[in-house]
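Q: First the structure, which I've put down as structure tokens, then a few questions once you've had a look.
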Amino acid sequence: MNARVARALDAVTAERAEDALLSVRGLTVRFRLRGGRTVAAVTDADFDLAPGECLALVGESGCGKSVLASALLGLLPANAETSGTALIGGTDLLAADEKTLARSVRGRRIGLVPQSPAAHLTPVRTVRAHLEETVRALTDTPRPGRRKAAEDAAERAAFPATHLDSYPHELSGGLAQRAATALALIGDAPLLLADEPTTGLDRDLVERTADELRRHADDGRGLLLITHDLTAAARIADRVAVMYAGRIVELAPAHRFFGTTGPDHPYARGLLDALPDRAFTPVPGMPPELSALPEGCAFAPRCPRATDLCATVPALRAGVACHHPERPRA
Amino acid sequence: MLELDSVTAGYEPRRPVFRDASLSIAPGESVGLLGPSGCGKSTLARVAALLHRPDAGRLVLDGTEVTAWRHRAPRAQRTAVGVVFQQPRTAADPRLTLADLIAEPLRATGRKAEAADRVAELAPAVGLTPELLTRRPHAVSDGQLQRACLARALTLRPRWLVCDEMTAMLDASTTAALVAAVETYRRETGAGLLAVGHDRVLLNRWCDRTVEWKDCLPHPGA
Amino acid sequence: MADPRTHRLRLWTSATVVGAVALAVLLVPPLVHLDEQAVDLSQKLLPPSWDHPFGTDDVGRDLLLRCVYGLRISLLVGLVAALVATVLGTAVGAAAGALGGWTDRTLMRLVDAFSSVPHLLLGIFVVALFRPGVWPVIASVAVTHWLSTARIVRSEVLSLRTRPHIEAAISGGASRRRVATRHLLPAVLPQAGLAAVLMVPHAMWHESALSFLGLGLPSHQASLGNLVQSARSSLLAGDWWPTLFPGLFLIVPTLAIAGLAGVWRDRLNPRRRSELML
Numbered sequence: 000m001n002a003r004v005a006r007a008l009d010a011v012t013a014e015r016a017e018d019a020l021l022s023v024r025g026l027t028v029r030f031r032l033r034g035g036r037t038v039a040a041v042t043d044a045d046f047d048l049a050p051g052e053c054l055a056l057v058g059e060s061g062c063g064k065s066v067l068a069s070a071l072l073g074l075l076p077a078n079a080e081t082s083g084t085a086l087i088g089g090t091d092l093l094a095a096d097e098k099t100l101a102r103s104v105r106g107r108r109i110g111l112v113p114q115s116p117a118a119h120l121t122p123v124r125t126v127r128a129h130l131e132e133t134v135r136a137l138t139d140t141p142r143p144g145r146r147k148a149a150e151d152a153a154e155r156a157a158f159p160a161t162h163l164d165s166y167p168h169e170l171s172g173g174l175a176q177r178a179a180t181a182l183a184l185i186g187d188a189p190l191l192l193a194d195e196p197t198t199g200l201d202r203d204l205v206e207r208t209a210d211e212l213r214r215h216a217d218d219g220r221g222l223l224l225i226t227h228d229l230t231a232a233a234r235i236a237d238r239v240a241v242m243y244a245g246r247i248v249e250l251a252p253a254h255r256f257f258g259t260t261g262p263d264h265p266y267a268r269g270l271l272d273a274l275p276d277r278a279f280t281p282v283p284g285m286p287p288e289l290s291a292l293p294e295g296c297a298f299a300p301r302c303p304r305a306t307d308l309c310a311t312v313p314a315l316r317a318g319v320a321c322h323h324p325e326r327p328r329a
Numbered sequence: 000m001l002e003l004d005s006v007t008a009g010y011e012p013r014r015p016v017f018r019d020a021s022l023s024i025a026p027g028e029s030v031g032l033l034g035p036s037g038c039g040k041s042t043l044a045r046v047a048a049l050l051h052r053p054d055a056g057r058l059v060l061d062g063t064e065v066t067a068w069r070h071r072a073p074r075a076q077r078t079a080v081g082v083v084f085q086q087p088r089t090a091a092d093p094r095l096t097l098a099d100l101i102a103e104p105l106r107a108t109g110r111k112a113e114a115a116d117r118v119a120e121l122a123p124a125v126g127l128t129p130e131l132l133t134r135r136p137h138a139v140s141d142g143q144l145q146r147a148c149l150a151r152a153l154t155l156r157p158r159w160l161v162c163d164e165m166t167a168m169l170d171a172s173t174t175a176a177l178v179a180a181v182e183t184y185r186r187e188t189g190a191g192l193l194a195v196g197h198d199r200v201l202l203n204r205w206c207d208r209t210v211e212w213k214d215c216l217p218h219p220g221a
Numbered sequence: 000m001a002d003p004r005t006h007r008l009r010l011w012t013s014a015t016v017v018g019a020v021a022l023a024v025l026l027v028p029p030l031v032h033l034d035e036q037a038v039d040l041s042q043k044l045l046p047p048s049w050d051h052p053f054g055t056d057d058v059g060r061d062l063l064l065r066c067v068y069g070l071r072i073s074l075l076v077g078l079v080a081a082l083v084a085t086v087l088g089t090a091v092g093a094a095a096g097a098l099g100g101w102t103d104r105t106l107m108r109l110v111d112a113f114s115s116v117p118h119l120l121l122g123i124f125v126v127a128l129f130r131p132g133v134w135p136v137i138a139s140v141a142v143t144h145w146l147s148t149a150r151i152v153r154s155e156v157l158s159l160r161t162r163p164h165i166e167a168a169i170s171g172g173a174s175r176r177r178v179a180t181r182h183l184l185p186a187v188l189p190q191a192g193l194a195a196v197l198m199v200p201h202a203m204w205h206e207s208a209l210s211f212l213g214l215g216l217p218s219h220q221a222s223l224g225n226l227v228q229s230a231r232s233s234l235l236a237g238d239w240w241p242t243l244f245p246g247l248f249l250i251v252p253t254l255a256i257a258g259l260a261g262v263w264r265d266r267l268n269p270r271r272r273s274e275l276m277l
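Protein chains in written order, with numbering that gives the first Met the number 0: chain S, 0 to 329; chain G, 0 to 221; chain P, 0 to 277.
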């Protein structure tokens, strides 16, 4: 790829930012630990998400992707320090105070589809009670209309009306997931944030859950799918962002990433090669500690292509942060 | 052979999770057991690992019928089957360092002297560095902890391995690394494997043969 | 969860008070050769002054000295009773949880039976069986306070028993005894220890209540309950110090002990321990 194409791609990225639903620039999260140690959980994350688009944020557990999600929702613990911007409809999520986040962001602009939906629901209340309460909290539907609104929300998430009066423990994993999705949809939030929505589910259920999330993106919502399940990401994502040691190391269209061309970053290639329907060989070594990152490229110690050049951190250019990408840049 | 013959098991009296499940594994063979969550396949795996006494049915381990479970089972029989569970967090004692976790079966069976050597041998096999071995579970990732849990299952060189959804919580790279470690061990020792899971692609790639849960149960009308 | 500053403040205040109390009750009696029983009717019911910082009681005994001695005896009763109750509760709870079945049902019904009788009534019944003294009071407190510990320990053991890490230990060849001593007990002890510390203030109040009712320690012994009891008549006459100081000596140390226990409980909380969610 030559310089002209790279510039053209950067221009596309800039254009994307203009009609983006969510625009994240330089998002950095640090945790200060006792003893002066610092955990670099997220470093300089840049990405945009358009309406109707599904962006999958993939990476190994502990790479910082869940911290990124928590940062967007303002749910980080007290010892976290954030910098950068995350704009959604003119509000900077990182600068907003708790009141703004509670009143106008969570549920209204960002709907959260949680990791373990059964734990996300109050065990002593029925699904209907959950839905009606959320309708009351997020919309100004008058009391008589709430029942209908709750039923409509359930229908949008394909939650069967026959199970509305069930308690969370009476639901199967799939139904609990739909109930949680129905709750996330009530505020008609333009952005859905799904944090590992398929962990621990059966393969059939993974596919169904993923397809349902995709349908909500097709309805014009933006979907940020945070997952370590590459198969689920391949199924529904438009673009893929690969995170490694707190940095986004590759941001690529899904068809190219999962298709015959494949990813450009050696780590992303290694991750795909680890899949059981591909080479089924692991990436050698283990990811570094976020509290003791190596100088330069964090992947260099595990990378077959590493050279002296990798002692400096590669910038994300034309969608890949690597000094020796698969298809060399100009 | 590891033979489960018409096993009925459950957690409440007279309310079994499943009835008459059968499955047998030849020495050195690897069998993947595939089924939806909640079907009882994990319970069957616990029966095979002598951790859950079935309500009815037989377990025959290398020609000997198992008559006692959990603590009542003879130690040699119990330790012939190594187990790895789905959730490394709950499967690891939070007070032990990873090295102690791996050495625990040797200490428990009065072979403390061999512990250091065995840990030094197992750690590289599952991809753990000496530095990680000194840490406690809360200071390592799920993937690193699961590596230690696999090493612990291999410590006493079991003839059989039961992996219950071992990789369900893990990313692709760690999954491939753990499966490779299991396969290396099996190549060296000829151990048999029962891998329980719901990922067909993974089990097909990993195991000699894959069995559907419903094929373990008696066919209606047969 | 309190923020770290409040947390530290609570830790240090509580620790300072508990430390001062420990020093006072341990060092004052052997070092200060004063008789807390010394009666001097010429000095009776003096308000606080330099000579008698807490004033004197109705027979002229120095209240500061009597408060220190009272705290000493109340603390002793509280600590021993909490220890006895914890050991009893842990033993019953662990046995019920670990053995299960018929043993579990019998033991837990016994706990229910004890719980159904009001604490103070049961406590009074126990002291009434014996001559007044320290041991009947300790027995009375222990009998009424082991129940909650038994419940806590039983549920801990039950939840641990089917934990994969216990199953892994069994599969690794661990004997029943090794699982109990190396895996179950160490996991239960912090909870039981916390319950014991939280019980000390309870036990002290229970002792004081018994003494106040005249059923606890012999009335000449300077326990905090006895001091408050004997000061009642003076309070009606408008003399506030004989009630106030023993009362404060009961309230402040028990709050401090509860404060320390609270810090301990926060430390046990796994959410705080992990510190980070990655």
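Backbone N, C-alpha and C fix where the C-beta goes; we use that ideal spot for every residue, glycine too.
On a predicted model such as this, the values are computed, not experimentally measured, just so you know.
Can you give the Cα-Cα distance for His218 (chain G) and Ala55 (chain G), rounded to whole angstroms?
A: As a position in the second sequence, residue 218 (chain G) is number 219, starting the count at 1. As a position in the second sequence, residue 55 (chain G) is number 56, starting the count at 1. Taking the straight line from one Cα to the other gives about 18 Å.
Q: Can you find a heavy atom of the ligand MN that lies under 7 Å from the Cβ of Thr96 (chain G)?
A: As far as ligands go, the structure on display features none, and thus does not contain the ligand MN.
Q: Taking Arg199 (chain G) as the reference, give the member of G:Val82, G:Val59 and G:Gly31 with the closest Cα.
A: What you label residue 199 (chain G) is simply residue 200 of the second sequence in a count that begins at 1. Of G:Val82, G:Val59 and G:Gly31, the residue nearest in Cα terms is G:Gly31.
Q: Which partner residues does Ala8 (chain G) have in the DSSP bridge list?
A: Residue 8 (chain G) sits at position 9 when you count from the first residue of the second sequence. Partner(s): G:Phe17.
Q: Can you name the residues of chain G whose CB is closer than 7 Å to the CB of Ala236 (chain P)?
A: As a first step, residue 236 (chain P) is located in the third sequence; it is residue number 237 there, counting from the start. Those do not exist, as Ala236 (chain P) stays about 59 Å from chain G at its closest Cβ, beyond 7 Å.
Q: Of all the residues that make up the region 225-240 of chain S, which are near chain G by a beta-carbon distance shorter than 7 Å?
A: His227 and Leu229
Q: Taking C-alpha atoms, which residue in S:Arg124, S:Pro141, S:Arg24 and S:His119 lies nearest to Ile87 (chain S)?
A: Residue numbering aside, residue 87 (chain S) sits at position 88 when the first sequence is read from its first letter. Check the Cα spacing between Ile87 (chain S) and each of S:Arg124, S:Pro141, S:Arg24 and S:His119: the tightest is with S:Arg24.
Q: So which of S:Ala117, S:Pro141, S:Arg304 and S:Gly221 has the shortest CA-CA distance to Thr197 (chain S)?
A: Your numbering for residue 197 (chain S) matches position 198 in the first sequence. Closest by alpha carbon: S:Ala117.
Q: Assign Arg272 (chain P) to buried or exposed, taking buried as 16 or more other Cβ atoms, counted over all protein chains shown, within 10 Å of its Cβ.
A: Within the third sequence, the letter at position 273 stands for residue 272 (chain P). Note that Arg272 (chain P) has pLDDT 43, beneath the 50 cutoff, so the model's placement of it is unreliable and the number below is only indicative. With fewer than 16 other Cβ atoms inside 10 Å of its own Cβ, Arg272 (chain P) counts as exposed.
Q: Can you list the residues of chain S that Ser23 (chain G) reaches, using a CB-CB cut of under 8 Å?
A: Within the second sequence, residue 23 (chain G) is the residue found at index 24, counting from 1. Neighbourhood of Ser23 (chain G) in chain S, by CB distance below 8 Å: empty, with the nearest CB roughly 25 Å away.
Q: Are at least three pairs of beta-carbons, each pair with one atom in the region 73-93 of chain G and one in the region 136-148 of chain G, less than 8 Å apart?
A: yes
Q: Tell me which residues share the same chain as Val210 (chain G) and place their Cβ nearer than 8 Å to its Cβ, disregarding the 5 neighbours each side in the sequence.
A: Against the second sequence, residue 210 (chain G) aligns to sequence position 211. Only Leu22, Val30, Gly31, Leu32 and Leu33 meet the Cβ criterion.
Q: Quick one: residues in its chain with C-beta nearer than 7 Å to the C-beta of Asp238 (chain P), no 5 flanking neighbours on either side, listed in chain order?
A: The count along the third sequence starts at 1 and reaches residue 238 (chain P) at position 239. Excluding positions up to five away in sequence, the list reads Leu44.
Q: Using a Cβ-Cβ cutoff of less than 6 Å, which residues in the same chain neighbour Arg18 (chain G) once the five nearest sequence positions on both sides are dropped?
A: Along the second sequence, one-based indexing puts residue 18 (chain G) at 19. Taken in chain order, the residues that qualify are Thr7.
Q: Contact defined as beta carbons within less than 8 Å: I believe Val282 (chain S) pairs with Leu270 (chain S). What is the distance between those atoms, to the nearest angstrom?
A: Counted from its first residue, the first sequence places residue 282 (chain S) at position 283. Counted from its first residue, the first sequence places residue 270 (chain S) at position 271. At roughly 7 Å, the Cβ-Cβ gap stays under 8 Å, so Val282 (chain S) and Leu270 (chain S) are in contact.
Q: What residue from P:Arg7, P:Val17, P:Arg4 and P:Thr5 has the CA that sits closest to Ala257 (chain P)'s CA?
A: Indexing the third sequence from 1 puts residue 257 (chain P) at position 258. Considering only P:Arg7, P:Val17, P:Arg4 and P:Thr5, the residue with the shortest C-alpha distance to Ala257 (chain P) is P:Val17.
Q: How many angstroms separate the CA atom of Leu223 (chain S) from the CA atom of Pro76 (chain S)?
A: Sequence index remark: in the first sequence, residue 223 (chain S) carries index 224 (1-based). Sequence index remark: in the first sequence, residue 76 (chain S) carries index 77 (1-based). Computed Cα separation, rounded: 22 Å.
Q: Quickly, what does DSSP pair Pro252 (chain S) with across the bridge? List them, please.
A: Within the first sequence, residue 252 (chain S) is the residue found at index 253, counting from 1. Paired residues: S:Arg238.
Q: Could you tell me the boundaries of the beta strand (DSSP E) in which Asp337 (chain S) lies?
A: This structure cannot settle anything about residue 337 (chain S), because the visible part of chain S is limited to 0 through 329.
Q: Between which two residues does the beta strand (DSSP E) containing Leu192 (chain G) stretch?
A: Along the second sequence, read from residue 1 onward, the residue named residue 192 (chain G) stands at position 193. Under the DSSP assignment, Leu192 (chain G) falls in the beta strand (DSSP E) whose first and last residues are Gly191 to Gly196.
Q: So which of S:Arg202, S:Ala317 and S:Cys309 has the shortest CA-CA distance to Glu294 (chain S)?
A: Sequence index remark: in the first sequence, residue 294 (chain S) carries index 295 (1-based). Of the candidates S:Arg202, S:Ala317 and S:Cys309, the one whose C-alpha sits nearest the C-alpha of Glu294 (chain S) is S:Cys309.
Q: Between His323 (chain S) and Gly261 (chain S), what straight-line distance do the alpha-carbon atoms span, to the nearest angstrom?
A: If you number the first sequence from 1, residue 323 (chain S) lands on position 324. If you number the first sequence from 1, residue 261 (chain S) lands on position 262. Distance between the alpha carbons of His323 (chain S) and Gly261 (chain S): 15 Å.
Q: For Ile123 (chain P), I'd like the list of residues in its chain whose CB is within less than 8 Å of its CB, leaving aside the five on either flank, ordered along the chain.
A: The sequence position of residue 123 (chain P) within the third sequence is 124, counting from 1. Excluding positions up to five away in sequence, the list reads Ser139, Leu209, Leu212 and Leu214.
Q: Measure the Cβ-Cβ separation of Gly221 (chain P) and Gly69 (chain P) and say whether it is below 8 Å.
A: Within the third sequence, residue 221 (chain P) is the residue found at index 222, counting from 1. Within the third sequence, residue 69 (chain P) is the residue found at index 70, counting from 1. According to the sequence shown, residue 221 (chain P) is Ala rather than Gly. Cβ atoms of Ala221 (chain P) and Gly69 (chain P): closer than 8 Å.
Q: Identify the contact partners of Thr197 (chain S) in chain G, using a Cβ-Cβ distance below 8 Å as the criterion.
A: On the first sequence, position 198 is the one that residue 197 (chain S) refers to. Chain G residues near Thr197 (chain S): none, gap ~11 Å exceeds 8 Å.
Q: Runs of 3 residues minimum, wholly inside the region 109-170 of chain G: which ones carry the beta strand (DSSP E) assignment?
A: Fully enclosed beta strand (DSSP E) runs of 3 or longer: 159-163.
Q: Tell me which same chain residues have a C-beta within less than 8 Å of the C-beta of Ser233 (chain P), skipping the five on either side of it?
A: By one-based count along the third sequence, residue 233 (chain P) stands at place 234. So the qualifying residues of the chain are Leu44, Asp56, Asp57, Pro241 and Thr242.
Q: Smallest Cα separation from Glu28 (chain G): which of G:Leu127, G:Val118 and G:Leu193?
A: As a working mapping, residue 28 (chain G) is identified with position 29 in the second sequence. For Glu28 (chain G), the nearest C-alpha among the options comes from G:Leu193.
Q: So, is Phe248 (chain P) buried or exposed, given that buried needs 16 or more other C-beta atoms within 10 angstroms?
A: Residue numbering aside, residue 248 (chain P) sits at position 249 when the third sequence is read from its first letter. Looking at its Cβ environment, which holds 16 or more other Cβ atoms inside 10 Å, Phe248 (chain P) is buried.
Q: Would Gln86 (chain G) count as contacting chain P if we go by Cβ distances under 8 Å?
A: Counting from one through the second sequence, the residue named residue 86 (chain G) turns up at place 87. With 8 Å as the cut-off, Gln86 (chain G) counts as an interface residue toward chain P.
Q: Determine the extent of the beta strand (DSSP E) in which Val59 (chain G) is found, giving its start and end residues.
A: If you number the second sequence from 1, residue 59 (chain G) lands on position 60. Its beta strand (DSSP E) spans residues Ala55 to Leu60.
Q: In terms of DSSP beta bridges, what is Thr226 (chain S) paired with?
A: As a first step, residue 226 (chain S) is located in the first sequence; it is residue number 227 there, counting from the start. According to DSSP, Thr226 (chain S) bridges with S:Val57.
Q: From which residue to which residue does the beta strand (DSSP E) around Gly81 (chain G) run?
A: In the second sequence, counting from the first residue as 1, residue 81 (chain G) sits at position 82. Element bounds for Gly81 (chain G): Val80 to Val83.
Q: Select from the region 89-103 of chain G all residues with a C-beta closer than 7 Å to any C-beta belonging to chain P, and list them in chain order.
A: Thr89, Ala90, Ala91, Asp92, Arg94 and Glu103
Q: Do you know offhand how far Ala305 (chain S)'s Cα is from Leu3 (chain G)'s?
A: Within the first sequence, residue 305 (chain S) is the residue found at index 306, counting from 1. Within the second sequence, residue 3 (chain G) is the residue found at index 4, counting from 1. Rounded to whole angstroms, the separation of the alpha carbons of Leu3 (chain G) and Ala305 (chain S) is 51 Å.
Q: Tell me which residues of the region 159-174 of chain P have at least one Cβ-Cβ distance to chain G shorter than 8 Å, keeping chain order.
A: Arg162, Pro163, His164, Glu166, Ala167, Ala168, Ile169, Ser170, Gly171, Gly172, Ala173 and Ser174
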